[in-house]
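A.B. asks:
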Amino acid sequence: MSDMAADAFLRMKRVELLIAILDGFSDQFSCRPVLSQIYSSYGAYIAYQLNKTLNPKLRQIWKTRDWNRKVRVFAKFFESFKQGNLLFNDSKALSIGARVGQEVAALKWVRVSDSVGIDLVPHPPFVVKGDFHTQPFEKETFDFEFSNVFDHALYPWKFVGEIERTLRPVGFVFYSWRYRYGRINILRMICLA
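Per the working numbering, the sequence shown starts with residue -6, numbered consecutively.
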């Protein structure tokens, strides 16, 4: 086994537990929307998300004082994936729920140039219009998908299912979300033999 193959094998072993945590995840929530007690319909959910995303005060913050700080933080974060040989300059990357595109700008800053974000409201040149419950991309499009909006999903099983559909067989996804006791970060590698 070459050094590169051995290194890849060890990286896969490190994430084996995380894969086990998420395997079958999309089947565990198939009975009803997680946030159904808040929204009367999918349309009401979308209206709420659009209202939040289109808020002029929030958008101004995201594009000004928040922009540089978030780009720096995300760039450092993505650079650590590159140093771990999980993310490469030629990776095709997606940021899910990207708002105005700080994550995409950070990916491009660390030279992952084929990067794009999706959100309900597009923000060119970084973010295209898209609903993460039904991503507007072909099967097996991305090597890397990043999300820190999992807690915003009305239908978590659709959210995860779309990532599984659009992620390439040896790609990886990083989920990060808030829950009542703090923040959860999960790195998942999809390795299909």
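Glycine is no exception: its CB is placed at the ideal position from the N, C-alpha and C atoms.
Let's see if you can read the secondary structure: which residues bound the beta strand (DSSP E) around D136?
C.D. replies: Counting from one through the sequence shown, the residue named residue 136 turns up at place 143. Element bounds for D136: F135 to S140.
A.B. asks: Given this structure, state the Cα-to-Cα distance separating K56 from V64, to the nearest angstrom.
C.D. replies: Start at 1 with the first residue of the sequence shown, and residue 56 comes out as number 63. Start at 1 with the first residue of the sequence shown, and residue 64 comes out as number 71. So the alpha carbons of these two residues sit roughly 11 Å apart.
A.B. asks: From L160 to K85, what does the alpha carbon distance come to, in whole angstroms?
C.D. replies: The residue given as residue 160 occupies position 167 in the sequence shown. The residue given as residue 85 occupies position 92 in the sequence shown. Cα to Cα, L160 sits roughly 10 Å from K85.
A.B. asks: G90 by DSSP, collapsed to three states: which one?
C.D. replies: Against the sequence shown, residue 90 aligns to sequence position 97. DSSP places G90 in coil when its eight states are reduced to three.
A.B. asks: If you scan the segment 89 to 169 from start to end, which runs of the beta strand (DSSP E) of 3 or more residues do you find wholly inside it?
C.D. replies: Taking only runs of at least 3 residues, the beta strand (DSSP E) segments lying wholly in the segment 89 to 169 are 107 to 112, 120 to 122 and 135 to 140.
A.B. asks: Mind checking which residues open and close the alpha helix (DSSP H) that includes N48?
C.D. replies: Residue numbering aside, residue 48 sits at position 55 when the sequence shown is read from its first letter. Where N48 is concerned, there is no enclosing alpha helix (DSSP H), given that its DSSP letter is neither H nor E.
A.B. asks: Could you check whether I111 and K122 sit closer than 9 Å to each other, using their CB atoms as the reference points?
C.D. replies: Within the sequence shown, residue 122 is the residue found at index 129, counting from 1. Within the sequence shown, residue 111 is the residue found at index 118, counting from 1. Yes. Within cutoff.
A.B. asks: Inspect the beta-carbon positions of V109 and N82 and report whether they are closer than 9 Å.
C.D. replies: Translated into positions along the sequence shown, residue 109 becomes position 116. Translated into positions along the sequence shown, residue 82 becomes position 89. The answer is no: Cβ separation not under 9 Å.
A.B. asks: Would you say F165 and F137 are within 9 Å of each other, going by their C-beta atoms?
C.D. replies: One-based indexing of the sequence shown puts residue 165 at position 172. One-based indexing of the sequence shown puts residue 137 at position 144. Yes, the Cβ-Cβ distance between F165 and F137 is below 9 Å.
A.B. asks: Buried or exposed: where does Q42 fall if 16 or more other Cβ atoms within 10 Å of its Cβ makes it buried?
C.D. replies: The residue given as residue 42 occupies position 49 in the sequence shown. Classification for Q42: buried.
A.B. asks: Return yes when the Cβ of S140 is within less than 9 Å of the Cβ of F125, no when it is not.
C.D. replies: In the sequence shown, residue 125 corresponds to position 132, counting from 1. In the sequence shown, residue 140 corresponds to position 147, counting from 1. Closer than 9 Å, so yes.
A.B. asks: At what residues does the alpha helix (DSSP H) containing F189 begin and finish?
C.D. replies: Residue numbering for the chain in the displayed model covers -6 to 186; residue 189 lies beyond these limits and cannot be assessed.
A.B. asks: Please report the straight-line C-alpha distance between K132 and V163, rounded to a whole angstrom.
C.D. replies: Looking up residue 132 in the sequence shown gives position 139. Looking up residue 163 in the sequence shown gives position 170. Their backbone Cα atoms lie some 13 Å apart in a straight line.
A.B. asks: Quick check on DSSP: helix, strand or coil for Y32?
C.D. replies: Residue mapping note: residue 32 aligns to position 39 of the sequence shown, counting from 1. Residue state, collapsed to three classes: coil.
A.B. asks: Please check the pair F135 and L87, which I expect to be a contact at CB under 8 Å, by giving their CB distance rounded to whole angstroms.
C.D. replies: Mapped onto the sequence shown, residue 135 falls at position 142. Mapped onto the sequence shown, residue 87 falls at position 94. Going by Cβ atoms, the distance from F135 to L87 rounds to 5 Å, so yes, they are a contact pair.
A.B. asks: Check this for me: beta carbons of F71 and A99, under 9 Å apart or not?
C.D. replies: On the sequence shown, position 78 is the one that residue 71 refers to. On the sequence shown, position 106 is the one that residue 99 refers to. It is a contact, given that the beta carbons lie within the stated cut-off.
A.B. asks: Where does T57 sit, in a helix, a strand or coil, going by DSSP?
C.D. replies: Indexing the sequence shown from 1 puts residue 57 at position 64. If DSSP states are grouped into helix, strand and coil, T57 belongs with coil.
A.B. asks: What do you get for G191, buried or exposed, if any count of 16 or more other CB atoms within 10 angstroms of its CB means buried?
C.D. replies: With the chain covering -6 to 186 only, the question about residue 191 has no answer from this structure.
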